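The numbering of the sequence shown is my numbering, which starts it at 479 and goes up by one.
Worksheet: one structure, shown below.
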Amino acid sequence: MNKEKWEKWKKKYWPPRKDQLLILALLGLLLAVIAVPVPKAGREAGEATVAASEEPEETVEDYESRMERKLEELLSQVEGIGEVHVMLTFADSGQKQVEKDVSVSENSTQEETVYEEQGSSVRTPYVSSETNPQVEGVLIVAGGGGNGDVKADIIDAVQALFGIEAHKIKIMKYGGD
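Set out below in structure tokens:
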């Protein structure tokens, strides 16, 4: 810059106005905030994952007995059904979809399983989705199982809940103790 331009700039911008000082102060504050170290999000998420994975996972047997109890509780609330006992049979034990990284090159495609690391040496495959076991058949022993209307109501309810055909549902009259 030549001397003439420098003098014009100096006259125009020096001493700084209040708004310019405010901008400089905010800029300094922004730089200070950026410079402060913060914990990485990965560590916090990793800690949460470890904490969540320490909870016991529900087994297939737990799921099956929970579904039986829920159906028993639900049906026992319906008028005319009375005492209820339920047995469910399942077609499979459900499925877990494991997350995979896919690398595609010109000549080949490679898949690698994604793992969750818990601690220094524990690695488990990362499950991206999970399906519950599919109900295959239902046996219901109910106090009102001899009544045709009650049987029809039970069959309709079970079909709506589990999406199975009527011939896979058996209802029997409860004899009692």
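Just so it is clear, CB atoms sit at the ideal spot from N, CA and C, and this is done for glycine as well.
Treat the numbers as computed from the prediction; the structure is a model and nothing was measured.
Those residues which DSSP pairs with residue 644 across a bridge: One-based indexing of the sequence shown puts residue 644 at position 166. Beta-bridge pairing links residue 644 to no other residue.
Considering only the beta carbon of each residue, do residue 551 and residue 652 sit closer than 7 Å? The residue given as residue 551 occupies position 73 in the sequence shown. The residue given as residue 652 occupies position 174 in the sequence shown. Their beta carbons are not under 7 Å apart, which means residue 551 does not touch residue 652 by this criterion.
Sequence-distant residues of its chain with Cβ nearer than 6 Å to residue 564 (five each side left out): To locate residue 564, count along the sequence shown from 1; it is residue 86. Answer for residue 564: 546, 549, 550, 618, listed in chain order.
If I follow the unbroken beta strand (DSSP E) through residue 594, where does it start and stop? For this step, residue 594 is matched to residue 116 along the sequence shown. If you look at residue 594, you'll find it in the beta strand (DSSP E) that goes 593-596.
Considering only the alpha carbon of each residue, which of 571, 628, 558, 506 lies closest to residue 613? Your numbering for residue 613 matches position 135 in the sequence shown. Nearest of 571, 628, 558, 506 to residue 613, Cα basis: 571.
Range of the contiguous beta strand (DSSP E) that encloses residue 606: Within the sequence shown, numbered from 1, the residue matching residue 606 stands at position 128. 605-609 is the extent of the beta strand (DSSP E) around residue 606.
Taking the DSSP output, what are the residues bridged to residue 620? To locate residue 620, count along the sequence shown from 1; it is residue 142. DSSP, once it has assigned bridges, lists 562, 651 as partnering residue 620.
So does the region 600-608 actually touch the region 622-634, counting three or more Cβ pairs closer than 8 Å? They do not touch, by the three-pair rule.
Is residue 553 buried or exposed, if buried means 16 or more other CB atoms sit within 10 Å of its CB? Here residue 553 corresponds to residue number 75 of the sequence shown, with the count starting at 1. Answer is buried; the Cβ neighbour count reaches 16.
Rounded C-alpha distance that separates residue 580 from residue 589: As a working note, residue 580 is residue 102 in the sequence shown. As a working note, residue 589 is residue 111 in the sequence shown. Straight-line Cα distance between these residues: approximately 5 Å.
With a 10 Å radius around its C-beta and 16 neighbouring C-beta atoms as the bar for buried, classify residue 503 as buried or exposed. Counting from one through the sequence shown, the residue named residue 503 turns up at place 25. Residue 503 is exposed by the Cβ-count criterion.
Can you tell me whether residue 620 is buried or exposed, with buried defined as 16 or more other CB within 10 angstroms of its CB? Position 142 of the sequence shown, counted from the start, is the residue given in the question as residue 620. Residue burial annotation: residue 620 is buried, with at least 16 other C-beta atoms found within 10 angstroms of its C-beta.
Per-residue DSSP class, three states only, for residue 675: Any question about residue 675 goes unanswered here, given that the chain covers just 479 to 655.
Verify whether the separation of the beta carbon atoms of residue 606 and residue 575 is less than 7 Å. In the sequence shown, counting from the first residue as 1, residue 606 sits at position 128. In the sequence shown, counting from the first residue as 1, residue 575 sits at position 97. Against a cut-off of 7 Å, the Cβ pair of residue 575 and residue 606 comes out as a contact.
What did DSSP end up calling residue 571 once you bin it into helix, strand or coil? Mapped onto the sequence shown, residue 571 falls at position 93. Coil at residue 571, not helix or strand.
Beta-carbon proximity of residue 623 to residue 649, cut-off 7 Å: Walking along the sequence shown from the start, residue 623 turns up at place 145. Walking along the sequence shown from the start, residue 649 turns up at place 171. Yes. Within cutoff.
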